[in-house]
Amino acid sequence: MRDKFKDAEPTAMDLFREFHSSRKTGSVSETVQKALDDMEAMMEEPVREGEEPMSPGRAVREVVHASTFLEVVDLRSKNKLRVPVCSRLEALMAELERENAESRQVEQIVEQQRREIDALQKQVQEARDSNRTVKAQLEHLRKKSARKPSMIACLMSNLEGG
Numbered sequence: 725m726r727d728k729f730k731d732a733e734p735t736a737m738d739l740f741r742e743f744h745s746s747r748k749t750g751s752v753s754e755t756v757q758k759a760l761d762d763m764e765a766m767m768e769e770p771v772r773e774g775e776e777p778m779s780p781g782r783a784v785r786e787v788v789h790a791s792t793f794l795e796v797v798d799l800r801s802k803n804k805l806r807v808p809v810c811s812r813l814e815a816l817m818a819e820l821e822r823e824n825a826e827s828r829q830v831e832q833i834v835e836q837q838r839r840e841i842d843a844l845q846k847q848v849q850e851a852r853d854s855n856r857t858v859k860a861q862l863e864h865l866r867k868k869s870a871r872k873p874s875m876i877a878c879l880m881s882n883l884e885g886g
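With our numbering applied, the sequence shown covers 725 to 886.
Below, the structure is given as C-alpha cells:
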C-alpha cells in the first residue's frame, strides 16, 4: 500500500477503496463501488457560501454511517470510543454489584423466614403432642367419673341394706 501512495498521504476515500478491494484483482464489489460513487458525488456537490467543502473523511463517514473504518485504518482516535465503553462497563459493573447486594439481602430474608417457619412448625407439633396428652387424660377422667355413680349407688345400697 505504501508503494501506491508514496507521493502523497492517502485520503480516507483512498483507504476505503484499498481496504475494500480484492488483493488479487484490485476490484471492488458493487456495494463498495456505489459507496465510492456516493462519496465522490458528495465531494463534488457545490459548496454553499460560508461552508467548507466536504472532506474525504466526512464523505466516508456520511456514506458508511459509522466511524469504525476510520478507526481500523487508524485515522481517528480510539480513545473517544473507549471512554463511553469504559463508563458503560463501569455502570454495568456497579449495577451488577447492586443486584448482587440485593440478592444477598433477599437470601438473608429467605433464610430468616425459613428459621421462623421451622420454629412455627415445631410449635405446631408441640401443640399437637400436648393436645393428644390432654385428650388422653380427659378420656381417663371420663372413664373414672363414669364409674363413680355406679360405685356411689353400690355404696348407698350397702348402707341402706346394712
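Glycine included, C-beta positions come from ideal geometry on N, C-alpha and C.
Cβ neighbour criterion (16 or more within 10 Å) applied to residue i
i: Phe740; result: buried
i: Pro873; result: exposed
i: Met880; result: exposed
i: Ala759; result: buried
i: Met817; result: exposed
i: Val834; result: exposed
Where residue i sits in the DSSP three-state scheme
i: Pro780; result: helix
i: Ser811; result: helix
i: Ala707; result: Lying before the first or after the last residue shown, residue 707 is absent from the chain, which here runs from 725 to 886.
i: Thr749; result: coil
i: Glu835; result: helix
i: Gly885; result: helix
i: Asp731; result: coil
i: Arg852; result: helix
i: Arg866; result: helix
i: Glu786; result: helix
Beta-carbon spacing of residue i, residue j below 8 Å
i: Pro777; j: Val784; result: no
i: Ala736; j: Gly781; result: yes
Where the alpha helix (DSSP H) containing residue i begins and where it ends
i: Val756; result: Glu754 to Glu768
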